[in-house]
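Since the structure comes first, as structure tokens, the remarks are kept for the end.
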Amino acid sequence: MDIKLQMKGRTLIAALSGELDHHSAKTVKDMLETAIVNKSAQNMVFDLTNLTFMDSSGIGLMIGRYKLITSIGGKVCIVSKSKTLNRLISMSGVTKLMDIYQSTDDAVKSVGGM
Amino acid sequence: MNNTKDNEMTLIFKSKSANESFARATVGAFASQLDPTLDELADIKTAVSEAVTNAIIHGYNNTTGDVHIHCEIKDRTIYIEISDKGCGIKNLAQAMQPLYSGCPEMERSGMGFTVMETFMDSLDVSSTLDKGTTVRMSKTLRA
Ligand SMILES: Nc1ncnc2c1ncn2[C@@H]1O[C@H](COP(=O)(O)OP(=O)(O)O)[C@@H](O)[C@H]1O
Ligand SMILES: [Mg+2]
């Protein structure tokens, strides 16, 4: 699991690559919590383009960050092109909370970044 | 046309979260002799990951024990049995409901059983309190 963090305006973009499961979710969660606070992020984009695997632990992780970000009035969305990932994401109801985009630019625009 | 030989394997490992990827990769490698499509392979690995994670974090929660996986291939069907000798499930019907999690404070989504059910053709769970849990699933791959 590898995480690349980048700020665009007040939007934190987290690009995840590798496999996101319960084991790796702990590390990702800690890194994101720290980054959201330290960088005063208001919105967040999960870029899943380079994820090769995700199970429902990833859903738990995204919902956890969604709760944090919406509690400070921000928005969260997802970048993903994988059919398998999108099926998992929509069956768990996450698409009712955050939209899925094809590119980070569209995602950042949608949360009102820059 | 279909000359796949019936086959089986057993895998036993410690309930450490580092073994989650090992377990799904191993079952995936075993299933690959059926020439699954990438989608079928992803479905199997995801379902295995859910059951193994449950055994590790719920079954054994703060203790350690062995997780057993037994796989059989018959024709184009793979049968996967994943069991633990952990705490067991008190109310199985409730546990299997979508979005239900016994420990939401751990950031669980409660979607594990739903994922197994959706991504596999069959799912059968049996559990005895203080004795453990066994998950049986199967999937028939397209010819
Ligand atoms: N092997 C197991 N041993 C004990 N309890 C389990 C086991 N598998 C599942 N459970 C219980 O069933 C609940 C639902 O499981 P699941 O659908 O995978 O959701 P989650 O893992 O996100 O909580 C768990 O929260 C747990 O209480
Ligand atoms: Mg689970």
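As given, the protein sequences belong to chains A and B, one line each in that order.
Everything in the first sequence is counted per our numbering, starting at 7 for the first residue and increasing by one.
Everything in the second sequence is counted per our numbering, starting at 9 for the first residue and increasing by one.
For glycine and all other residues, C-beta sits at the position ideal for the given N, C-alpha and C.
Just so you know, these numbers come straight off a predicted model, no measurement behind them.
Residue of the options minimising C-alpha distance to residue i
i, options, result
"residue 108/A", "88/A, 95/A and 76/A", "88/A"
"residue 127/A", "23/A, 34/A and 58/A", "Residue 127/A falls outside the range modelled here, since chain A spans only 7 to 120, and no answer is possible."
"residue 75/B", "123/B, 32/B and 38/B", "32/B"
"residue 92/A", "34/B, 114/B and 51/B", "51/B"
"residue 141/B", "18/B, 42/B, 104/B and 147/B", "104/B"
"residue 41/B", "146/B, 145/B, 19/B and 86/B", "86/B"
Short CB-CB distance (under 8 Å) between residue i and chain B
i, result
"residue 90/A", "yes"
"residue 98/A", "yes"
"residue 86/A", "no"
"residue 8/A", "no"
"residue 63/A", "yes"
"residue 26/A", "no"
"residue 102/A", "no"
Same chain, Cβ closer than 8 Å to residue i, five either side skipped, listed in chain order
i, result
"residue 25/A", "7, 57, 58, 59 and 60"
"residue 56/B", "31, 32, 35, 36, 77, 88 and 90"
Closer than 8 Å to chain A by CB, residue i
i, result
"residue 28/B", "yes"
"residue 133/B", "no"
"residue 150/B", "no"
"residue 123/B", "yes"
"residue 116/B", "yes"
"residue 94/B", "no"
"residue 34/B", "no"
"residue 110/B", "no"
6 Å CB neighbourhood of residue i in its chain, flanking five on each side removed
i, result
"residue 64/A", "26"
Chain-order list of residues whose beta-carbon lies under 7 Å from that of residue i (same chain, five-residue window excluded)
i, result
"residue 104/A", "72, 82, 83 and 84"
"residue 134/B", "142"
"residue 17/B", "38 and 79"
| Near ligand 2, which residues have their beta-carbon closer than 5 Å to a heavy atom? | These are the residues, in chain order, with a beta carbon less than 5 Å from any non-hydrogen atom of ligand 2: 62/B and 120/B.
| request: Tell me the start and end of each unbroken alpha helix (DSSP H) in the segment 43-101 of chain A that is at least 4 residues and wholly inside, in chain order. | output: As far as the segment 43-101 of chain A is concerned, its whole alpha helix (DSSP H) runs of at least 4 residues are 62-77 and 89-97.
| request: Would you list, in sequence order, the uninterrupted beta strand (DSSP E) runs of no fewer than 3 residues that lie entirely inside the segment 39-69 of chain B? | output: Fully enclosed beta strand (DSSP E) runs of 3 or longer: not present.
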